[in-house]
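Structure record follows, encoded as structure tokens.
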């Protein structure tokens, strides 16, 4: 009875607004307290009867990505991946950012709380397609469409689980849409609404299952539309996943990189082409892009304002300090390499009204979202080449790794490495990690790269140690990076509302 009262109380809150419901549990179902179609059956999924119904839900998944990724999946993600590492400073004095930058956050951090909600909610949106598409009896829905649309939703669900696992470690794996709650089934559905965290081997098993399905049934790449989950994205994700410690197999990383490389993607001629714009519009759907979230000038993003200004409306939203300020250490790395191509694309200097990290008349800004029409690139061929180089380097194949590493350096107009430049396989691995830093700055990779290469403590803690390669006097004093503190805390509100959740050690 206690559980039933708790669930009904939660549902009453849910009916009053989505933001409140997410503090209780992910909104993943239509049920007796919020079901909006009085003519539909009381069973979950009854709102999906026709091809058009389920296609509308898939379209809503994509449109929801475009609108919702900007905060948790982009600006917050860069704080976790660039600011926690050595590529950027937080940018502002806000407590929530300062805690993350100093690795001193706890479960009450509001940014971490909203991001947990974002990921769980997005899994729920994907489940609406995955769980119900096979029940559609409409003969106009072809078998090919059924499998393809399911595969697209599985790509997104796998990506959400993948990022959650890197941020929090063990996570809930929700694969069902809970049915309507009644007094008779409350014990059965309670764990669906209040799921426990699963061990990492189970998490990765489910990620791999979704991606393997998607490699078979997702659509082929569409050069004119990169805001589409395709076989290229699925293969690229498999390569990423098999590089992670819980399932690491670098032979499979190389295999799936090769599958991506067969799909006719090409590096852009110039590095900066991927974020270029003119007086009319921003570039999108380049030959290098595998998956990107796209906008237009008329239906643009707002996330540009978090990093610099909109080139199409430069005075708008430019009165407050911006996030993800490029670090002096990153700038020094570009300068030491003579890497003007990637430096000038990734970082821009401008006048502003603040001087938190640089003089106000020559302030550094992240420059990979220069307009409200600029895309957010989540996967591209340059990353896959470097992942391929990593896979071969960790299999001690120096000559093979240099092929892919040098493709990236050649495009950046840097000297290609010769075999005699490599002192050892360890030296090669360090060079791959360094190249990833310069190539993928501000694209959401750096911190996770350091963790994957076993360098997180050395680099992140070294920011506070004069004389270390990563020392930066502008980085705040940090709590030491350990196997426990590389993970984020589970939001306290989630644990308070769900007794099945546990906190990460160290918090």
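In my numbering, the protein residues as written are 204 to 710. Every residue, glycine too, gets a C-beta built ideally from N, C-alpha and C. Being a predicted model, the structure only gives us computed values, none of them experimental.
- Three or more beta-carbon pairs separated by less than 8 Å link the stretch 560-580 to the stretch 493-504, which places the two stretches in contact.
- Taking a 10 Å sphere around the C-beta of residue 398, we find 16 or more other C-beta atoms and assign the residue as buried.
- Going by DSSP, residue 605 is part of the alpha helix (DSSP H) stretching over 601-614.
- When secondary structure is reduced to three states using DSSP, residue 494 falls in the strand class.
- In chain order, 376 place their CB closer than 8 Å to the CB of residue 405, counting only its own chain and leaving out the 5 sequence neighbours on each side.
- The alpha-carbon separation between residue 678 and residue 703 amounts to approximately 37 Å.
- For residue 567, the enclosing beta strand (DSSP E) has its first and last residue at 566-569.
- Following the DSSP letters along the chain, one finds residue 583 inside the beta strand (DSSP E) bounded by residues 579-583.
- In summary, residue 489 is buried, with 16 or more beta-carbon neighbours lying within 10 Å of its beta-carbon over all protein chains present.
- In the DSSP assignment, residue 552 falls within the beta strand (DSSP E) that extends over 550-553.
- Contact check for residue 261 and residue 356: beta-carbon distance about 7 Å, within the 8 Å limit, so the pair qualifies.
- Residues of the same chain with a CB within less than 6 Å of the CB of residue 545, apart from the 5 flanking positions on each side, are 474, 615, 641 in chain order.
- Each of 306, 657, 373, 593 was checked against the Cα of residue 286, and the nearest Cα belongs to 306.
- Residue 529 sits in a strand when the DSSP states are folded into three classes.
- Contact check for residue 330 against residue 392 fails: the beta carbons are separated by 7 Å or more.
- Apart from the 5 residues on each side of it in sequence, residue 683 sits with its Cβ closer than 6 Å to the Cβ of 664 in its chain, given in chain order.
- Secondary structure of residue 698 (DSSP, three-state): helix.
- The DSSP-derived three-state label of residue 365 is helix.
- Between residue 284 and residue 650, the beta carbon gap of about 4 Å places them in contact (Cβ cut-off 8 Å).
- For residue 520, the closest C-alpha among the options 531, 528, 508, 514 is that of 508.
- For residue 418, the uninterrupted alpha helix (DSSP H) segment begins and ends at 403-420.
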